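Here the structure comes first, spelled out in structure tokens, and everything after it is commentary.
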Amino acid sequence: MSQIQITAGLAVSNGPYRQPQLGGPFQQEQTTARGGTPGLLSLTTAEQDVDFGDVTPGWVFVKNLSSENAMLIGPKNAGDALEPFLELPPLAQVVLPLDDGVVLRVAAAAGTLDAQIVGVNQ
Numbered sequence: 000m001s002q003i004q005i006t007a008g009l010a011v012s013n014g015p016y017r018q019p020q021l022g023g024p025f026q027q028e029q030t031t032a033r034g035g036t037p038g039l040l041s042l043t044t045a046e047q048d049v050d051f052g053d054v055t056p057g058w059v060f061v062k063n064l065s066s067e068n069a070m071l072i073g074p075k076n077a078g079d080a081l082e083p084f085l086e087l088p089p090l091a092q093v094v095l096p097l098d099d100g101v102v103l104r105v106a107a108a109a110g111t112l113d114a115q116i117v118g119v120n121q
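Residues 0 to 121 (numbering that gives the first Met the number 0) are what the sequence shown spells out, left to right.
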């Protein structure tokens with residue numbers, strides 16, 4: 000097995016409010032060296048499954064490349080619809096752990112947008 004490095008953090012400096020850096024890099028075992036899919040997706044308000052191909056992602060990187068529209072992210076529910084748990088603001092990015100068997104769905108909250116979505120095997 001090899002290790003992958005995941006980095007997640009938050010720091011804020013806004014006028015008098017300061018939040019020092021929280022989080023940082025951590026290591027996790029990767030059972031199979033696979034990842035990098037699906038890459039760039041063009042989204043509309045129509046929900047779509049994220050197809051990771053032959054990758055069973057344990058970690059997913061998502062970046063909203065739109066400077067105007069938010070992105071909806073969540074699992075597919077029993078009715079085959081997006082169950083949004085995250086509205087990613089324009090130009091924001093996030094790293095998410097993803098359980099086996101969860102089908103990730105995405106959509107633009109309004110209009111259209113491009114997003115970078117990359118899953119890596121855990």
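A virtual CB, placed ideally from N, CA and C, is assigned to each residue, including glycine.
In this text the structure is predicted, and so the values were computed from the model without any measurement.
message = With three or more beta-carbon pairs closer than 8 angstroms as the criterion, would you say the stretch 92-102 touches the stretch 58-70?
response = Remark: three or more beta-carbon pairs, one from each stretch, lie closer than 8 angstroms, so the stretch 92-102 and the stretch 58-70 are flagged as touching.
key: Assigned secondary structure, P96 (DSSP; H/G/I helix, E/B strand, else coil)   = strand
key: Cross-strand partners of F60 (DSSP beta bridge)   = Note: F60 sits in a beta bridge opposite V94, V117.
query = Out of curiosity, what's the CA-to-CA distance linking G78 and E86?
reply = Looking at the backbone, the Cα of G78 and that of E86 are separated by about 20 angstroms.
Neighbour-count burial assignment, A114, 16 or more Cβ in a 10 Å radius = buried
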